[in-house]
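Numbering (the working numbering), first residue to last: 77 to 487.
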């Protein structure tokens, strides 16, 4: 093992970038690495060595199957990625603004967000940004690593920080009419400022955000997370299920970050918890909560996604606008149900859990413990008052259950 030469995080051998801060690493001698390792607390090792520039690094290992390809954007969904006026701008206008300037601009000019500009190679009208494109004179696109019809996520190099690895999330505004344009920008800025204020080990750090007026695209720059999402892991899992101990470990971490969000001065309700919005950090193995819903403010909705969540994972009260913290617990329960049983809640014709009409968890997956079945059924209770009182209570219940699983005392 080695450590980051900038922030001190533990890294996999030969990892060229830090998974925490993104700083590039210089190779250490064997003697130096051994000396550092002896004096450093070793974090859980990654499942595999991650190379950010490896074109296959963002895909989880395939076990007995091939993951489905990510959808790409249709031509009709894209506008030109840069306007003629933008291309003619002097280079001075493309300089990066500081965080202080961005925050001041957000307060003083609520009707606009800073416009993005490109340096180096110019974006084209293709389906996605091409490798080599430089956004706002700073973020050089390396490759596309995810996304769909509403935008994409790219791996990029931060030129201002020694080519540190960053994830750049693109959100396309082409489906917003002129009357909603200013509101979309304001919503994007408000959500971005909110995200920059959050600090939790399961929330990716947000470094920057900007709006490209010529291309009608919003961008978030965040910590690059190596590793795939849980939905992909489930698709590749043997038997289409994930074991109870692993799911319990993941759920504890998700419940903890939900407790953090719900405990803010103004509680934050995530609203769209599902396997596709949970990633596993390839370096730490920790679950990361991604996609805080900015895209739903500024783009055409995905098929199956409502203004409040995803069908099958969304609790009944969300569709009547009665959102509350326990709504997120239902979605976590639906996610756990999917992972443990292999049964997708979106395939349920009722789109809610009614165990008087549908099989109970152990009827689908007999290997589940009685205790886990009880936890699942309580978490997806039809009424909020039927569920756990809080994310903290669910987290503590799951933690106690994990100890029993490890001790072999479950039934």
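Cβ coordinates follow ideal geometry from the N, Cα and C atoms, glycine included.
Q) Given that a residue counts as buried once 16 or more other Cβ atoms are within 10 Å of its Cβ, and exposed if not, what is residue 258? A) Residue 258 is exposed by the Cβ-count criterion.
Q: Give the straight-line distance between the Cα atoms of residue 348 and residue 390, rounded to the nearest whole angstrom.
A: Here the C-alpha atom of residue 348 lies approximately 7 angstroms from the C-alpha atom of residue 390.
**Q.** Test item: CB-CB of residue 388 and residue 423 under 9 angstroms
**A.** yes
**Q.** residue 295 (DSSP reduced to helix, strand or coil)
**A.** It is a strand residue.
Q. Are the segment 282-293 and the segment 304-316 touching by the rule of at least three beta carbon pairs closer than 8 angstroms?
A. Contact annotation: the segment 282-293 does not touch the segment 304-316, with fewer than three C-beta pairs closer than 8 angstroms.
Q. Under the DSSP definition of a beta bridge, which residues are partnered with residue 448?
A. According to DSSP, which records beta bridges pairwise, residue 448 is partnered with nothing at all.
Q: Kindly indicate which three-state DSSP category residue 271 falls into: helix, strand or coil?
A: helix
Q. Near residue 307, which residues of its chain fall below 6 angstroms by C-beta distance, leaving aside the five closest residues on each side in sequence?
A. 351, 352
**Q.** Rounded straight-line distance, which links the Cα of residue 215 to that of residue 238
**A.** 11 angstroms
Q: In angstroms with no decimal places, state the Cα-to-Cα distance between residue 490 and residue 397.
A: Nothing about residue 490 can be reported from this structure: the residues present for the chain run from 77 to 487 only.
Q) How do the segment 318-335 and the segment 266-283 stand: do at least 3 beta-carbon pairs fall below 8 angstroms, yes or no? A) yes
Q) Where does residue 204 land, buried or exposed, given buried means 16+ other C-beta within 10 angstroms? A) buried
Q.
Looking only at its chain, what residues have a beta carbon closer than 6 angstroms to the beta carbon of residue 475, apart from the 5 residues adjacent to it on each side?
A. 328
(Q) So, for residue 272: in the same chain, excluding its five sequence neighbours on each side, which residues have a beta-carbon less than 7 angstroms away from its beta-carbon? (A) 282
Q | Residue burial classification, residue 359 (beta-carbon count within 10 angstroms, cutoff 16) | A | It is buried - the Cβ of residue 359 has at least 16 other Cβ atoms within 10 Å.
Q: Grab the span of the beta strand (DSSP E) containing residue 244 for me, first residue to last.
A: 240-248
Q: Measure the C-alpha to C-alpha separation of residue 386 and residue 433 and round it to an integer number of angstroms.
A: 22 angstroms
Q. Count the other CB atoms within 10 Å of the CB of residue 302; is the residue buried (16 or more) or exposed (fewer)?
A. buried
Q. Anyone know if the C-beta pair for residue 355 and residue 319 falls short of 9 angstroms?
A. no
Q: Return the first residue and the last residue of the alpha helix (DSSP H) that residue 413 is part of.
A: 401-417
Q: Under 7 angstroms Cβ to Cβ from residue 172, same chain only, skipping five residues before and after it: list those, please.
A: Note that residue 172 scores a pLDDT of 42, beneath 50, so its modelled location is shaky and nothing firm can be said.
Q) Can you give the Cα-Cα distance for residue 326 and residue 222, rounded to whole angstroms? A) 22 angstroms
Q: Please report how far the alpha carbon of residue 454 lies from the alpha carbon of residue 477, in whole angstroms.
A: 14 angstroms
Q.
Less than 9 angstroms between the beta carbons of residue 417 and residue 444, yes or no?
A. yes
(Q) Helix, strand or coil, according to DSSP, for residue 323 in the structure here? (A) helix
Q: With 9 angstroms as the threshold, decide whether the Cβ of residue 367 is near any Cβ in chain C.
A: Looking for chain C here will not work: only one protein chain is present.
(Q) DSSP three-state label for residue 305, please. (A) strand
Q.
Which residue marks the beginning of the beta strand (DSSP E) containing residue 428, and which one marks its end?
A. Where residue 428 is concerned, there is no enclosing beta strand (DSSP E), given that its DSSP letter is neither H nor E.
**Q.** Cβ shell of residue 233 (< 8 angstroms), same chain only, five flanking positions each side left out
**A.** 215, 216, 218, 239, 240, 241, 242.
Q. Roughly how many whole angstroms lie between the Cα atoms of residue 469 and residue 419?
A. 26 angstroms
Q: Buried or exposed for residue 275, please, with buried defined as at least 16 other CB atoms from any protein chain shown within 10 angstroms of its CB.
A: With fewer than 16 other Cβ atoms inside 10 Å of its own Cβ, residue 275 counts as exposed.
Q. Taking all protein chains shown into account, do 16 or more other C-beta atoms lie within 10 angstroms of the C-beta of residue 401, making it buried, or fewer, making it exposed?
A. buried
(Q) Relative to the C-alpha of residue 228, which candidate in 248, 466, 210 has its C-alpha closest? (A) 248
Q | Three-state secondary structure (DSSP) of residue 283 | A | strand
Q) To the nearest angstrom, how far is it from the Cα of residue 207 to the Cα of residue 437? A) 46 angstroms
Q) For the beta strand (DSSP E) that contains residue 468, what are its first and last residues? A) Counting along the chain, residue 468 falls outside any beta strand (DSSP E), though it belongs to the alpha helix (DSSP H) covering 467-483.
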